[in-house]
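Report on the following structure.
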Amino acid sequence: MAEKEVEQQPQSEPPKAKAGGKSPMMLIIGGAGVFVLAVVIFSLQLGVFSDSNVKPGALTADSLAQAADTAHHEEAEEEEADPYQALFEGYGGEDESGLMSDTAIVRDSIEKSVWFIQQKQDLDRQIAQMELEKTQLNTLKSQVEALMDRKKSMEEGNISQMAKLYEGMGTEELVPILSNLTDAQVSVLISKMKKAKASEVLGKMAPERAARITQYIISMSE
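Here it is in structure tokens:
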């Protein structure tokens, strides 16, 4: 009896969706639309849908997938290129710093060479000036020696003339005149006289002075 009642009980209908509620299908479609919109915006930023790549109205799921793959590939290439770029930039920096160091060394060498050349030129000028002064001193020395020789010749000539003049005088007249002269002057005059006259004059002088004059004449001949 119970089984018959169960069979005769009408089957319940599935619950109807509430008014204003969202079904799961609508949520899936909405999520897919958001994803497609995000992919399109990302592709536009990367230039996938530029005039050279696609035409208007040609957007498909395959083209979107290809655009995403291309963007990922380009990003990977940029990441791989960065280490090499940094390597080359670092190498270039070292080379540039090395070049600057070499330039500084060359500049320092040039400055030192210029300094040594200037010092050598100054030294050469000083040596030339010293040689000129030495030549001038030798010239002056020669002139002084010539004047001294001339003076000596004149003195000797005058002494010889005076000696001859005194030889013509008498011994008694000559001795008082010689007493007013120095021993050196008398010695020079007597050395220019004839031996006979010189002996007479010395004989008339005081013995002390005659001895001094004789010693002086001997020292002159040595």
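Taking my numbering, I'd label the letters of the sequence shown as residues 2 to 223. For every residue, glycine included, the Cβ atom is placed at its ideal position computed from N, Cα and C. No experiment lies behind these values; they were computed from the predicted model shown.
Look at the alpha carbon of residue i and the alpha carbon of residue j, and state the distance between them as a whole number of angstroms.
i	j	result
T172	I178	10 Å
K113	R126	20 Å
M206	M155	28 Å
N181	K153	23 Å
R210	N159	24 Å
V189	T215	11 Å
L138	Q144	10 Å
R213	L124	58 Å
M231	I118	Past the edges of the chain, shown from 2 to 223, lies residue 231, and the structure says nothing about it.
A150	K135	It is worth fixing the name first, because residue 150 is Asp in this sequence and not Ala. One C-alpha to the other measures close to 22 Å.
W116	V107	14 Å
M163	E201	17 Å
E157	L133	36 Å
Q122	S110	18 Å
A105	Q120	22 Å
Any heavy atom of the ligand SAH closer than 7 Å to the CB of residue i?
i	result
V115	The ligand SAH is not part of this structure, which contains no ligands at all.
Quick one: what does DSSP say residue i is sitting in, helix, strand or coil?
i	result
A212	helix
S180	coil
M194	coil
A227	With the chain running from 2 to 223 in the structure shown, residue 227 is simply not present.
M163	helix
A129	helix
G158	helix
Which same chain residues, not among the five before or five after residue i, have their C-beta less than 6 Å away from its C-beta?
i	result
A199	I191
A147	none
Only counting the same chain, and skipping five residues up and downstream in sequence, which positions put a Cβ closer than 8 Å to that of residue i?
i	result
K195	E168
I218	S188, I191, S192
S161	K193
What residues in its chain sit with their C-beta under 7 Å from that of residue i, if we drop five residues either side in the sequence?
i	result
M131	none
S51	Summary for S51: the model assigns pLDDT 49, below 50, so the residue's position carries little reliability, and this model does not support an answer.
V176	V202, K205, M206
A185	Y217
P208	none
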